[in-house]
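Per this note's numbering, the sequence shown starts with residue 410, numbered consecutively.
Positions of the beta carbon are idealized from the N, C-alpha and C atoms, including for glycine.
Since we're looking at a predicted model, the values are computed, not measured.
All remarks here apply to the structure that follows.
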Amino acid sequence: MQPKVLIITDRSDLAETQLIIGLAALPLPVTVMANDTGPNYRLLLDAGVRAIPLRLAGRFDRSGTRAIRRELESGGYTVIYGFNPRAIACGLRASRGLKVKVMGYRGVIGNVGLLKPESWITFLHPRLDRVVCVSRAVQRYFESLGWGPFKLREGKAVTIYKGHDLSWYEAPPADLDSFKFPAGAFVVACIGRDRPGKGFATLIEAMEHVPETSPLHLLLVGELQGNPDLARRVETSRHRDRIHFAGFRNDAPQVAGACSALVLPSESEGLPRVVIEAMAYSRPVVVTEVGGMPELVDDGVEGFVVPVRHPQALAQALVRLANDPELATWMGECGRQRIERDFSIESTIRQTASLIQELTDELKV
């Protein structure tokens with residue numbers, strides 16, 4: 410049976426957009442329903458992908474569900490692929506009674522459970538045939554849910570890494586002259602949102618273990634200045650003159666490329682894009698041993714993997730990079746090669762197309 414897929418999304422990032430374009434180019438019959446105000450919607454149209462404007466207001470969007478149903482009834486679809494919980498919930502309701510398979514994407518660990526009603530209309534819904542996990546860590550999380558008859562069906566969760574292309578990261582590194590870093594400074598970027606579990610407090614505490622003689626400076630990227638606890642920690646740090654706030658930047662990859670290294674001290678992650686972006690710019694990374702980060706970084710090769718909430722280990726890894734520029738350069742090159750080898754968009758396209766065909770073939774049974 411020839412597969413035909415309806416992809417439902419919102420404002421897709423570049424990796425998701427290029428996945429859609431790549432599937433359509435195989436060729437695989439693809440229609441995408443997406444928010445037409447998204448930054449990459451025009452890329453879909455320019456590539457000749459059939460795109461239908463859709464702005465889902467929530468998981469119970471009636472008009473959006475009706476629009477999806479009309480498109481499904483127009484004929485021939487074998488698979489629905491929802492890129493977010495709203496898309497999955499509306500797609501499941503819209504496909505009720507139709508002979509079509511449903512798959513959904515999950516990029517983070519947590520917030521799914523048997524006692525969470527919203528989970529039963531999305532990832533735990535019995536008609537959701539596959540959960541496409543961004544990392545093996547996310548897959549293991551799903552496989553750990555429930556017990557007995559409430560255990561996730563074997564094979565329902567699968568891992569497909571969100572692929573990238575090194576050509577996306579050819580823009581020149583950002584100009585950091587306005588921060589007036591001293592000559593010879595080893596600038597480490599930390600890029601993230603002001604959310605619990607991002608590890609900013611641990612990172613600031615780690616700075617207390619950095620020797621006075623170290624050239625290490627820290628550049629915090631994101632809307633973080635409004636966090637009073639973080640501001641207090643920075644103000645009372647003995648290295649407060651080495652901690653710099655960049656605020657929100659729409660050129661975060663180029664900022665990472667302009668720095669000497671990247672650190673992500675998170676307490677939970679799926680497969681963080683900021684780490685991939687830094688590695689694509691040949692920058693060494695220091696990450697915690699949570700989520701999919703150890704799948705991106707081999708300790709001692711592309712960077713260092715340290716225990717979570719361990720400021721001393723974090724400081725030791727950062728200082729080692731700052732004190733050994735040759736090691737930092739070598740790790741950065743290893744990271745770029747790792748992205749090209751193991752996290753390519755071509756691999757994501759192939760694996761996704763294979764899964765779509767697999768689900769389509771199940772319709773024959």
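Tell me whether the beta-carbon of residue i lies closer than 8 Å to the beta-carbon of residue j.
| i | j | result |
| --- | --- | --- |
| Ala496 | Thr418 | yes |
| Ala546 | Glu704 | yes |
| Ala583 | Asp660 | yes |
| Val488 | Gly516 | no |
| Tyr486 | Leu415 | yes |
| Leu628 | Cys668 | yes |
| Glu480 | Thr531 | no |
| Arg745 | Leu575 | yes |
| Tyr450 | Ala443 | yes |
| Ile685 | Val643 | no |
| Phe752 | Gly601 | no |
| Ala615 | Ala724 | yes |
| Val699 | Val717 | yes |
| Gln550 | Leu680 | As written in the sequence, residue 550 is Tyr, which differs from the Gln given in the question. Taking 8 Å as the Cβ cut-off, Tyr550 and Leu680 do not qualify as a contacting pair. |
| Arg651 | Val630 | no |
| His653 | Val619 | no |
| Thr769 | Leu428 | no |
| Pro674 | Gly741 | no |
| Leu633 | Phe609 | yes |
| Pro662 | Tyr578 | yes |
| Asp538 | Lys508 | no |
| Leu533 | Val521 | yes |
| Ile754 | Leu432 | no |
State the CB to CB distance for the pair residue i and residue j, rounded to an integer number of angstroms; the pair is presumed to be in contact (CB under 8 Å).
| i | j | result |
| --- | --- | --- |
| Ile748 | Met688 | 5 Å |
| Leu501 | Arg478 | Not quite, the Cβ-Cβ distance comes to about 11 Å (not below 8 Å), so this is no contact. |
| Val714 | Val696 | 6 Å |
| Leu437 | Ile765 | 7 Å |
| Phe595 | Leu639 | With 8 Å as the limit, Phe595 and Leu639 do not qualify as a contact, their Cβ atoms being about 22 Å apart. |
| Glu617 | Ser646 | 7 Å |
Quick one: is residue i buried, meaning 16 or more other Cβ sit within 10 Å of its Cβ, or exposed?
| i | result |
| --- | --- |
| Thr426 | buried |
| Glu482 | exposed |
| Phe469 | exposed |
| Thr622 | exposed |
| Gln411 | exposed |
| Pro720 | buried |
| Ala592 | exposed |
| Leu523 | exposed |
| Asn493 | buried |
| Lys589 | exposed |
| Lys773 | exposed |
| Leu465 | buried |
| Lys607 | buried |
| Leu671 | buried |
| Arg604 | exposed |
| Pro580 | Checking the sequence, you will find Ala at residue 580 rather than Pro. Ala580 is exposed by the Cβ-count criterion. |
| Glu678 | buried |
| Gly666 | buried |
| Lys525 | exposed |
| Ala434 | exposed |
| Ser472 | exposed |
| Gly491 | buried |
Looking at the strands, I want to know which residues DSSP matches up with residue i.
| i | result |
| --- | --- |
| His626 | Val596 |
| Ser753 | His573 |
| Val696 | Leu673 and Val714 |
| Ile417 | Met442 and Gly491 |
Task: Complete beta strand (DSSP E) runs within the stretch 702-738 (minimum length 3 residues, chain order) - done: 712-715
Task: Length at least 4, wholly inside the stretch 506-582: the alpha helix (DSSP H) runs in chain order - done: Under the rule that a run must span 4 or more residues, the alpha helix (DSSP H) segments found entirely inside the stretch 506-582 read 545-553.
Open item on the list: Please give the ranges of any beta strand (DSSP E) in the stretch 638-693, keeping only runs that are unbroken, at least 3 residues long and fully inside the region.
Closed with: 652-656 and 670-673
Open item on the list: Which complete alpha helix (DSSP H) runs does the stretch 421-490 hold, if anything under 4 residues is left out?
Closed with: 423-433, 450-455 and 471-482
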